[in-house]
Structure formats: C-alpha cells, structure tokens
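I have placed the structure first, in the form of structure tokens, so that the comments after it can refer back to it.
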Amino acid sequence: MLYRRTLLCLALSFAASCQLFRPIPESPEPSASPAPARAERPAPSAPSTPSTQAPRVRGTGSVSDANIAAMVLASNNTDISYARLVPSRAQRDDVKEFGQRMLTDHVGVNSLVTELLRKLDLAAEDNTASLDMRDESANRRDAMRDLSGFAFDSAYMTNEVSYHQKFLASIDNVMLPSARNADLRALLMSVRPAVAAHLAHAELVWANVMAKK
Amino acid sequence: MKLPVLALGVWGVSVALCQPGPSRPPSPKRTPVSISRFAFDPLELTVSLGDTVVWVNADPLRHTATADSGAWSSPELSQGQRFVHVPNRVGRFPYHCAAHPVMRAVVVVRD
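Protein chains in written order, with the working numbering: chain A, 4 to 216; chain B, 10 to 120.
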C-alpha cells in the first residue's frame with residue numbers, strides 16, 4: 004500500500020513539474036518590417052502610416068542579372084525623384100537633410116551599378132517588377148508634388164519608410180536569391196546595409212515628424 | 010699592463026649598455042576603426058590616453074565619424090579615405106556618422 008502511495012506521489016510530482024517547467028510561449032516574432040519607433044504614440048491615421056506588413060514584391064518570375072540591374076536602377080531613380088521634390092516643399096530641417104542624403108546615396112549607388120554594367124558588358128533589361136516600380140513611383144511623385152509643409156513632410160517620410168521596406172524585401176527575396184554573377188551579388192551585398200540604414204533613418208525622421216503633428 | 014685595463018674598459022662599457030634603462034611609458038599606438046557595411050567596427054574601442062584612432066572608410070558611400078558632443082568630426086570620407094584623431098581626455102565618447110545617424114559607436118579612453 005505504502006509502495007503504491009509512494010508511486011502515486013512520485014507520478015503526481017512528475018506531472019506537476021512538467022506543467023511548471025513547460026516552455027513559456029514566446030511573444031510573437033517582431034515583424035520583418037518593424038513599425039516605426041516610439042510605439043507608445045497613437046498610431047497615425049491609416050493613409051499616413053507606413054505598412055508594418057512585410058512588403059510583397061510581385062511580378063518577378065524568373066529574374067536575370069540584367070533584370071536585377073534594371074530593378075536596382077529603377078529603385079534608385081524612384082527615390083531620387085522623390086528626393087528632388089524635397090527642397091522646395093519640405094518644412095522641417097531633418098526632412099530636408101534626409102532628402103539630400105537620399106539624393107547623394109542613391110546617385111552613388113546608381114554610379115556603382117552603371118560601372119558594374121560597363122565592366123560586365125551587360126545592359127539593364129526591364130521586367131514587370133521594374134516597370135511596376137516606375138509606374139508606382141510616378142503616381143506617388145505626382146501625389147506629393149501638390150503638397151507642402153507638414154502635409155508634404157508626413158507624406159514624404161511615410162513613403163520613404165514604405166519604399167525602403169519594399170526595396171529591402173526585394174533585395175532579400177528576389178535579387179540576392181536570383182543573382183548569378185559574383186560581382187553583382189557583391190554589389191547587392193554592399194547596397195543592402197545602405198538600404199537598411201536608410202530605412203532605420205527614415206523611421207526616426209518619420210517618428211519625429213509625426214510627434215510634432 | 011695595457012691589456013687588462015683595456016679588457017676592463019670593454020667589460021665596463023658592456024655592462025653599462027646591458028643595464029635596463031629607466032622604465033618608459035609604452036609608446037602610443039595607432040588603432041584602426043573600419044567603417045564597413047554601414048557600421049563602425051569595432052562598435053566599442055578602448056584606447057589609452059595618447060593613442061591615435063584611425064577611421065578608414067571601406068564603403069563605397071560616404072561616411073563621417075562625428076562625436077555626439079560635437080567636439081570633433083571627420084569630413085565626409087570617400088571609400089579608402091581615413092580620419093585620424095588623438096583623444097586628449099579620459100572618458101567614454103559616443104560618436105556617429107553624421108550622414109547616417111543610425112550608425113553609432115563608442116571610443117573609451119583610459120589613462
């Protein structure tokens with residue numbers, strides 16, 4: 004009898020310890036595209052909030068090195084066209100400085116791509132993704148062209164966060180997995196941290212702009 | 010007679026030369042910091058007072074090394090360019106890239 008009781012006690016203790024020491028469910032993984040800093044602030048209204056979803060890059064299919072070059076050039080030219088709107092429309096100094104930095108860096112990346120294409124004797128070749136990018140950027144640029152002051156600052160910085168999220172996703176999910184040439188892969192690897200740093204910088208400026216709303 | 014005197018002289022000079030001199034402080038060092046892939050490497054550097062810190066930009070895009078306090082700053086460095094700074098105070102000195110403020114690091118200076 005005593006033996007049975009001991010066994011029962013042992014079994015119950017074991018069950019209790021299993022329950023006690025089961026792994027605590029972890030909090031959900033942070034999004035691949037983190038929300039802008041200062042999460043304690045009330046979220047701005049939907050149209051001006053950068054997406055916190057991982058951006059999808061559509062229309063890629065089979066992607067050649069020439070397509071990748073066209074996608075990088077289209078991405079850079081897109082942000083250059085946005086940045087050119089800044090000096091005459093932005094209100095805040097940090098937005099103006101950010102715009103100037105985007106102009107400098109994306110022109111720099113374009114030079115690297117052009118230099119590489121010359122070295123490889125390769126011509127950039129548009130695909131659905133690069134053409135979509137151009138159409139979308141033209142529409143957004145037209146929408147921002149009519150804005151000024153705070154309306155421009157918030158629209159521009161919101162767009163910069165989304166743009167860099169999308170560019171980063173495109174590098175990670177399409178360009179790097181598809182690039183065949185080693186020099187092109189090396190270029191993408193050197194551009195990626197720049198895009199990630201721009202995204203983090205854009206989120207900082209965006210948060211400052213929205214905090215002063 | 011002259012030979013022992015000469016030998017003694019040679020021995021004396023040898024002994025004098027072989028004596029350890031007064032202890033001198035270690036000579037200042039040059040410590041490199043690489044700016045690569047939009048980050049400073051190392052993120053935290055500890056040097057002695059009087060050492061020289063040399064930042065070298067390995068990225069194709071331009072960067073600076075700028076003290077958060079504003080006490081010192083490099084100009085924008087192109088790829089391959091370097092910036093030399095000799096900290097003149099003991100302490101912990103955070104710095105950043107003025108072009109890309111999310112790039113941050115620290116120099117710790119010890120006596």
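A virtual CB, placed ideally from N, CA and C, is assigned to each residue, including glycine.
Our two residues, B/L70 and A/E139, have alpha carbons roughly 27 Å apart in a direct line. Taking a Cβ-Cβ threshold of 8 Å, the residues of chain A close to B/P110 are H204 and L207, in chain order. The contact set of A/L115 on chain B, defined by CB atoms closer than 8 Å, consists of P69 in chain order. Residue environment: A/R148 is assigned as exposed (fewer than 16 neighbouring CB atoms within 10 Å of its CB, all protein chains considered).
By the rule that beta-carbons nearer than 8 Å mark a contact, B/F47 touches chain A. Here B/R91 carries a strand assignment [DSSP, helix/strand/coil]. Only residues of its own chain outside the window of five on either side were considered, and among them D68 have a CB closer than 7 Å to the CB of A/R183, listed in chain order. Only buried fits A/R92, as 16 or more other CB atoms lie within 10 angstroms of its CB. Straight-line measurement puts the Cα of A/R188 at about 32 Å from the Cα of A/K99.
A/P90 and A/G102 have their C-alpha atoms some 8 Å from each other. The Cβ of A/G152 sits no closer than 8 Å to any Cβ of chain B.
Contact annotation for A/A197 against chain B: R46, F47, D68, P69, L70 and H109 [CB-CB distance below 9 Å, chain order].
In its chain, beyond the 5 residues on either side, R119 have a beta carbon closer than 7 Å to the beta carbon of B/S57.
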